[in-house]
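Okay, so here's the structure we're looking at.
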Amino acid sequence: MEILNKTIEQVRKQYGVAGGILIAIKDGKVLLKECFGQADAEKGKPVDSKTLFQIASCSKAFTTMVAGQLCDEGKMTWDTPVKQLMPDFKMVDKYAEEHVTPRDMACHRTGLCRHDVMRTFVREDRADLVRRIAYFPPAYGFREKYSYQNQMYVALGYLCERLTGKTWEQLLKEKIGDPLGMDMYFRGIDTIEDKNAAMPYAQKDGKIFRVDEVVGKASNPCGGLYTNLDSLERWIRMLLGEGELEGKRIISKEGFAELIKPNVVIPGKPSHPKEMQQSYAMAWINSIYKGKLLISHSGSTNGFNSMVGFFPEENAAFALSVNTVDTPAYSCLKYLLCDLLLNDVEEDYSFLIDIYNRRVNLGPDYTEEEQKDLPLSEEQAKKYLGTYYNPGYGVMEFVYEDGHLRQHYGLMDQPFNYIGDDKFVGFEVLDTRTYRANFTEDGNLWMRLSTDAVCPIFFERVR
């Protein structure tokens, strides 16, 4: 506890963290179960074991769990082409369209890059969001490499809906929540503010501030589940039971093994020097940490960072969530819990804060040229003002305000700096992601709205 409190305070001192929950279990015994900080900083409301946290992309494992259950029931297989199960599914790459499987969707090897921004535009209609995948150009060859992709998880959840006639939310409650005794609430469907729920925060310069939810219920299968510490305890106990909890099995052993089996290598290095060899299964990442197999997944959305993981060979598991983004809190706490489970706790975890700081200090993903902010008169701006359209993304508008172009798209409303030659760069409020706008001579627009440089999107000017 001393090291835990010290680590939390070290992060808070530099970054500010509102509150969080965490648990570690080994051989059926709870080694640590703690709540800290504030669920609602403005009201001074503390976090407790029933406080709801949005677990973001840790929700993906619930989507693949339901899909695995449908495999057990004979309604689908992981390797049946999606086109056979959902004939109206379409992609730009026609070979991929005919051959992509639920496994490809679940392990991020469809060839698409991230298109996260459009989820702020298509917020309510899940079927419409899936339909728009038909207009996303491939960034890579089909099954060429790992490329994280949220809309494909929405499509996988939607496929489960089509096969059962029930919503993704209903399926989670009926097939996971009720049998395991978990509390489940859902973004855009349940009113969270009037419940015992953590409010979302971000931080800048060590000060926390409230942020808004910008993604709606349409995207829930890739990250829209709210649950609490007591429920996460039941979830990770089921993971250690390979799909079974207290004599109740929710998926076959074979089906569970399929969920955690590696499918594609993840390039790059984890943030901890003693974690290596990452590969993606289906909503789970396999890695080796201090010589032990670790199966885990993180989640990040506006206001929340989460992590769930387990060491199957050690019969040990953990879960955590914090209601403040843009801090190293969940990374530090992840490795502290891992070390606790492996009986190898460090005296100090500030080195992980230093690793995070070095990464942050590299700056956002823009070049020196893109850091320009050249003067832009209203007369100069006229040629760029108007409404632009892409069939996948929908309508985007540019207006002139306070010497800058300003983009209106879904719930996004942000300025773009002029860098010359009909090019503009826009920054998220926390300067952590960059968007490029390149206006063409014929009055149209190329936008790079992804962190992936090979994924520009064409918008036609419509007025």
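One gets the numbering used here by counting positions in the sequence shown from 1 and adding 105 to each.
Glycine is no exception: its CB is placed at the ideal position from the N, C-alpha and C atoms.
Any non-hydrogen atom of the ligand MN within 8 angstroms of residue i CB
| i | result |
| --- | --- |
| Thr169 | Questions concerning the ligand MN fall outside what the structure shown contains, since it holds no ligand whatsoever. |
N- and C-terminal bounds of the beta strand (DSSP E) containing residue i
| i | result |
| --- | --- |
| Pro520 | 517-525 |
| Arg511 | 509-514 |
| Val427 | 421-427 |
| Cys176 | Run containing Cys176: none in the beta strand (DSSP E); it sits in the alpha helix (DSSP H), 165-177. |
| Val320 | Neither: Val320 is in no beta strand (DSSP E) and is coded neither H nor E. |
| Ile126 | 124-131 |
| Lys138 | 134-145 |
| Arg248 | Per DSSP, Arg248 belongs to no beta strand (DSSP E) and is neither H nor E. |
| Thr332 | 330-332 |
Distance CB(residue i)-CB(residue j) smaller than 9 angstroms
| i | j | result |
| --- | --- | --- |
| Lys148 | Gly328 | no |
| Val235 | Ala211 | no |
| Ile365 | Ile341 | no |
| Leu337 | Pro417 | no |
| His213 | Met257 | yes |
| Arg228 | Leu516 | yes |
| Asp317 | Pro326 | no |
| Ala388 | Thr206 | no |
| Leu109 | Lys180 | no |
| Phe247 | Ala307 | no |
| Thr215 | Gln254 | yes |
| His509 | Phe521 | yes |
| Ala239 | Gly548 | no |
| Lys199 | Ala422 | no |
| Ala303 | Phe158 | yes |
| Val320 | Arg292 | yes |
| Gln143 | Gly360 | no |
| Leu285 | Arg237 | no |
| Cys443 | Gly414 | yes |
| Lys271 | Met170 | no |
| Arg231 | Glu266 | yes |
| Asp449 | Lys111 | no |
| Ser154 | Asp335 | yes |
| Tyr494 | Arg566 | yes |
| Pro242 | Ile562 | yes |
| Lys397 | Leu441 | no |
| Glu502 | Thr492 | yes |
| Lys477 | Gly408 | no |
| Asp527 | Phe544 | yes |
| Gly262 | Trp273 | yes |
| Gly311 | Gly531 | no |
Cβ-Cβ separation, residue j to residue i (assumed contact under 8 angstroms), whole Å
| i | j | result |
| --- | --- | --- |
| Leu330 | Ile113 | That pair is no contact at about 25 angstroms. |
| Pro367 | Asn391 | 5 angstroms |
| Leu277 | Ser252 | 26 angstroms between Cβ atoms; not a contact. |
| Leu127 | Leu425 | 4 angstroms |
| Ile313 | Thr429 | 6 angstroms |
| Ser455 | Gln115 | 5 angstroms |
| Tyr461 | Pro433 | 4 angstroms |
| Ile458 | Asp177 | No, Ile458 and Asp177 are not in contact; Cβ-Cβ is about 43 angstroms, not under 8 angstroms. |
| Met412 | Tyr435 | 5 angstroms |
| Leu654 | Leu264 | With the chain running from 106 to 568 in the structure shown, residue 654 is simply not present. |
| Thr332 | Asp295 | Contact flag wrong, Cβ pair sits at about 11 angstroms. |
| Ile222 | Leu554 | Reading off the sequence shown, one finds Val at residue 222, where the question assumed Ile. Rounded, the Cβ-Cβ distance is 4 angstroms, consistent with contact. |
| Gly124 | Val500 | No, Gly124 and Val500 are not in contact; Cβ-Cβ is about 38 angstroms, not under 8 angstroms. |
| Cys163 | His377 | Actually they do not touch by this definition, with Cβ atoms about 19 angstroms apart. |
Bridge-paired residues (DSSP) for residue i
| i | result |
| --- | --- |
| Lys553 | Residue identity check: residue 553 is Arg in the sequence provided, not Lys. DSSP lists Arg541 as partners of Arg553. |
| Asn407 | For Asn407, which the question treats as bridged, DSSP gives no partner whatsoever. |
| Met577 | Outside the modelled stretch of the chain, which goes from 106 to 568, sits residue 577, for which no answer is possible. |
| Arg315 | Tyr306 |
| Gly531 | Phe521, Tyr540 |
| Phe241 | Partner(s): none; Phe241 has no beta bridge. |
| Ile562 | Met552 |
| Lys150 | Asp145 |
| Val430 | Ala307 |
Span of the alpha helix (DSSP H) around residue i
| i | result |
| --- | --- |
| Lys278 | Careful: Lys278 lies outside any alpha helix (DSSP H) and carries neither H nor E. |
| Leu109 | 107-119 |
| Asp233 | 231-236 |
Can you check the stretch 337-399 for any beta strand (DSSP E) of at least 3 residues that lies completely inside it and give the ranges in chain order? 380-385, 390-394
Complete runs of the beta strand (DSSP E) confined to the stretch 434-505 [at least 3 residues]: 491-495
Quick check for students: name the residue ranges of the beta strand (DSSP E) that lie wholly in the stretch 256-311, counting only runs of 3 or more. 306-309
Sequence ranges, beta strand (DSSP E) only - wholly within the stretch 186-229, length at least 3: none
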